[in-house]
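Report on one structure; see the data block that follows.
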Amino acid sequence: LLLNSSLENSHLHDEFDIVLSSHIIQHIPTWSLRSHIEQLCRHTRDNGLLIINTNISHEEDEYFVKDTLEGDQFAETKITKVEFDQLTHSGAGSLPIHMFNGEKLKEEVEAYGFQLLSKRLFHVDKEMQEQYGDKADAEVNDNPELAAKYGRDVCFIFQKQRLIKTIRKG
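With the numbering used here as the guide, the letters of the sequence shown map in order to residues 858 to 1027.
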């Protein structure tokens, strides 16, 4: 099933073996992010996989940027959380991006009964790409120090833990 709608408006009640959210959550207003993650988790069957591809921060905490096209080049500018939330609704010629703290995002999903199986970086910063070429992603994933400095996009693969349901008598 490919869903091209917000989860909150989908009226889905199904659970799936694999749920993929690819480069979506970084464009969702901050006030609805937790609800969106909850919906992703809810629609993942026990032992199923939740795959989240998103942007991560190089800094200690999350931050927000907007991408604009200037000529034939993209320009990235830091913005406030308030500006980010406004841009998610205005479509004012720029792309608002939430740069997540990867550890906090991991903890958020794990709180819904998921276990992280894999975390792989891709789309590294331009500096790293220029230095290592086609091997940049592999170099970053093999070196935690490089990952912290140059990794930009991440693919989290979580597995929903099987919930044991008990029946109480009496």
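Just so it is clear, CB atoms sit at the ideal spot from N, CA and C, and this is done for glycine as well. Bear in mind that the values here come from a model prediction, so they are computed numbers and not experimental data.
Residue i versus the options, residue with shortest Cα-Cα distance
| i | options | result |
| --- | --- | --- |
| V981 | F941, F921, E964 and D991 | D991 |
| L983 | G970, G950, Q883 and K1006 | The sequence as given places Lys at residue 983; Leu does not occur at that position. Residue K1006 is the option with its Cα nearest to K983. |
| I885 | K976, F941, V876 and A993 | F941 |
| K976 | Q896, I913, S892 and R902 | I913 |
| I1029 | H955, W888 and E967 | Since the first residue shown for the chain is 858 and the last is 1027, residue 1029 is missing from the structure and cannot be characterised. |
| N904 | I881, W888, D874 and K923 | D874 |
| L973 | Q1018, S889, F921 and L926 | Q1018 |
| K935 | G928, D929, Q988 and P953 | P953 |
| D924 | Q883, L877 and A993 | Q883 |
| F1015 | Q986, Y969 and A993 | Y969 |
| E965 | E872, D871, R891 and A949 | R891 |
| K961 | I881, D918 and S878 | D918 |
| I894 | F971, H946 and N998 | F971 |
| F921 | T887, R902, S878 and A949 | T887 |
Extent of the continuous alpha helix (DSSP H) to which residue i belongs
| i | result |
| --- | --- |
| T945 | K938 to S947 |
| H955 | Premise fails: H955 lies in the beta strand (DSSP E), L952 to M956, not in any alpha helix (DSSP H). |
| P886 | No alpha helix (DSSP H) contains P886, which DSSP labels as neither H nor E. |
| K1006 | P1001 to Y1007 |
| V997 | A993 to N998 |
DSSP three-state assignment for residue i, whether helix, strand or coil
| i | result |
| --- | --- |
| E919 | coil |
| V966 | helix |
| V876 | strand |
| I913 | strand |
| I881 | coil |
In DSSP terms, what residue i is bridged to
| i | result |
| --- | --- |
| D817 | The structure shown has nothing for residue 817, since the chain only spans 858 to 1027. |
| S975 | I1014 |
| L907 | V876 and F1015 |
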